[in-house]
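Be aware that the sequence shown starts at 143, since it is given in the numbering used here, and climbs by one per residue.
The next block holds one structure in the form of structure tokens; read it before the comments.
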Amino acid sequence: MTAPVFATLGCRLNAYESEAMKELADAAGLQGAVIVNTCAVTAEAVRKAKQEIRRLSRENPGAPVIVTGCAAQTEPETFAAMAEVTRVIGNHEKMQPATWTGLAGPDFIGQTERVQVDDIMSVRETAGHLIDGFGRHRAYVQVQNGCDHRCTFCIIPYGRGNSRSVPAGVVIDQIKRLVDKGFNEVVLTGVDLTSWGADLPATPRLGDLVMRILRLVPDLQRLRISSIDSIEADDNLMLAIATEPRLMPHLHLSLQAGDDMILKRMKRRHLRDDAIRFCEDARRLRPDMVFGADIIAGFPTETEAMFDNSLKLVDDCGLTFLHVFPFSPRKGTPAARMPQLKGPEIKARAAQLRAKGEAALTRHLQAQLGQTHRILMEGPRMGRTEQFTEVDVSTDQPEGQIITARIDGFGTTRLVAHTGLA
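See the structure below:
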């Protein structure tokens, strides 16, 4: 028998959970299976999941195919109806050792109960399985799962459940182990990271967790936080931005749009001016701060003037890294019932946003010429700055180490540096 084949679609959290599932499958002794960890963020993501399932089934004839992840949670019947699929596993079930013990057992093949997907909203325990060392160069630590908000375009709360937090002590113990293993950078991840702590005693905030990590793990060189909802940034998070050089100067913001009416129809909790003000405040506290952002193109009812406000937001917030999503209606969400734009119009607006993002990235790259950066090496000749910008270096360097180099050029998306102290 052979080791299981894993395929992961979607977000960084899914990738983290696939690593956790590999550990669970290995501990259970599961062999010869295909596991597809799906994404549900758009209808296109579900289509790609079905395509991947068919491809892997062809390439692994006779292997049982197990489908899990957000799409399996939100529409299990879609995958259960596929002839290639042996079992559909929910997002809660995939993190349970007993699930994998059952899959590895003698009754797995031919079992009648093909769908194991319970009500994710009933899950109350903290985010699941912790692993020590996902990522070869930086370690990702899941500190939160689920979301309590109900944006009109988003299906993810129905795939992930309500918000649950990992207690600070558990997080800090894990980060200490990771630092002891030699990791120089740790990234905090979650579905709605700025809601961390709301379900814990004394309701701490994300900034409290960040400050505790930096205080109690003094040997950690770099702490990074992934996507945040800027309207939920607390005082201690802003204090950490201002005073903690080990907190990396890169924030990815869940903005979604730059027009107030569209933001209201999305049921977002911030307005355009809130986003601009946050970026100004954060950059005032940390002048080298850079921002990424998610922006949706072609949301229902979006006029040219409304879209223009999203385009202008790139400059008004000083965004550097843009993740552009052409709007795709998700069945079961309020936005799917709103008046839709035509596909070519959505596609054209997404292209405009991407071009705007490319120009913003070029400006950022150009501004780094002559600057000296500390670079975490992800490969022998590629690493990332503290601002998360990719850098090609001139000579082989030890992976996972932080080097210092002077920037003397740039390409389409990366900086170029000669290694050695400037």
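Glycine is no exception: its CB is placed at the ideal position from the N, C-alpha and C atoms.
With a cut-off of 8 Å on the beta carbons, I'd call residue i and residue j a contact; round off their distance for me.
i           : j           : result
residue 478 : residue 515 : That belief does not hold up - the Cβ atoms of residue 478 and residue 515 are roughly 44 Å apart, past 8 Å.
residue 395 : residue 368 : So it is not a contact: roughly 11 Å between Cβ atoms.
residue 302 : residue 289 : 6 Å
residue 354 : residue 310 : 6 Å
residue 464 : residue 496 : 7 Å
residue 347 : residue 376 : 4 Å
residue 455 : residue 388 : That belief does not hold up - the Cβ atoms of residue 455 and residue 388 are roughly 30 Å apart, past 8 Å.
residue 386 : residue 356 : 5 Å
residue 488 : residue 468 : 5 Å
residue 328 : residue 320 : 6 Å
residue 549 : residue 512 : 7 Å
residue 306 : residue 341 : 6 Å
residue 214 : residue 232 : 7 Å
Could you tell me which of the options sits nearest to residue i, measuring between CA atoms?
i           : options               : result
residue 439 : 229, 171 and 486      : 486
residue 218 : 226, 230 and 208      : 230
residue 482 : 444, 459, 495 and 460 : 444
residue 451 : 474, 429, 494 and 484 : 494
residue 326 : 528, 313, 557 and 533 : 528
residue 558 : 531, 542 and 154      : 531
residue 418 : 475, 404, 407 and 399 : 399
residue 434 : 393, 469 and 414      : 393
residue 411 : 159, 526, 203 and 336 : 336
residue 409 : 520, 295, 180 and 428 : 295
residue 259 : 324, 416 and 216      : 216
residue 334 : 299, 464, 328 and 356 : 299
residue 473 : 322, 345 and 188      : 188
residue 152 : 164, 166, 184 and 165 : 184
residue 540 : 522, 550 and 552      : 522
residue 508 : 517, 520 and 533      : 533
residue 238 : 281, 306, 291 and 169 : 169
residue 429 : 247, 442, 484 and 460 : 460
residue 308 : 324, 159, 287 and 246 : 287
residue 281 : 246, 322, 457 and 222 : 322
residue 462 : 520, 484, 421 and 446 : 421
residue 363 : 318, 193 and 220      : 318
residue 370 : 243, 338 and 223      : 338
Name the DSSP beta bridge partners of residue i, please?
i           : result
residue 536 : Its beta-bridge partners do not exist; DSSP assigns none.
residue 210 : 179
residue 189 : None; residue 189 has no bridge partner.
residue 244 : The partner list for residue 244 (beta bridge, DSSP) is empty, contrary to what the question assumes.
residue 258 : 231
residue 548 : 514 and 560
residue 221 : None; residue 221 has no bridge partner.
residue 394 : 434
residue 147 : 176
Quick check: residue i and residue j, are their CB atoms within less than 7 Å of each other?
i           : j           : result
residue 448 : residue 401 : yes
residue 174 : residue 144 : yes
residue 555 : residue 535 : no
residue 182 : residue 212 : yes
residue 378 : residue 332 : no
residue 316 : residue 283 : yes
residue 207 : residue 226 : yes
residue 427 : residue 498 : no
residue 366 : residue 403 : no
residue 492 : residue 466 : yes
residue 179 : residue 202 : no
residue 195 : residue 146 : no
residue 257 : residue 285 : no
residue 279 : residue 542 : yes
residue 518 : residue 544 : yes
residue 228 : residue 235 : no
residue 297 : residue 150 : no
residue 442 : residue 480 : yes
residue 186 : residue 470 : yes
Closer than 7 Å, CB to CB, is residue i near chain B or not?
i           : result
residue 171 : The chain inventory of the structure shown lacks chain B, comprising one protein chain alone.
Whole runs of the beta strand (DSSP E) within the region 272-338, excluding any shorter than 3 residues: Listed in chain order, the complete beta strand (DSSP E) runs (minimum 3 residues) inside the region 272-338 are 281-284 and 327-331.
If you scan the region 472-530 from start to end, which runs of the alpha helix (DSSP H) of 4 or more residues do you find wholly inside it? Given a length threshold of 4 residues, each whole run of the alpha helix (DSSP H) inside the region 472-530 is given here in chain order: 485-509.
In chain order, which beta strand (DSSP E) runs of at least 3 residues are fully inside the region 418-476? You should have 432-439 and 463-468.
Minimum length 3: unbroken beta strand (DSSP E) runs contained in the region 357-391: Whole beta strand (DSSP E) segments, 3+ residues: 364-367.
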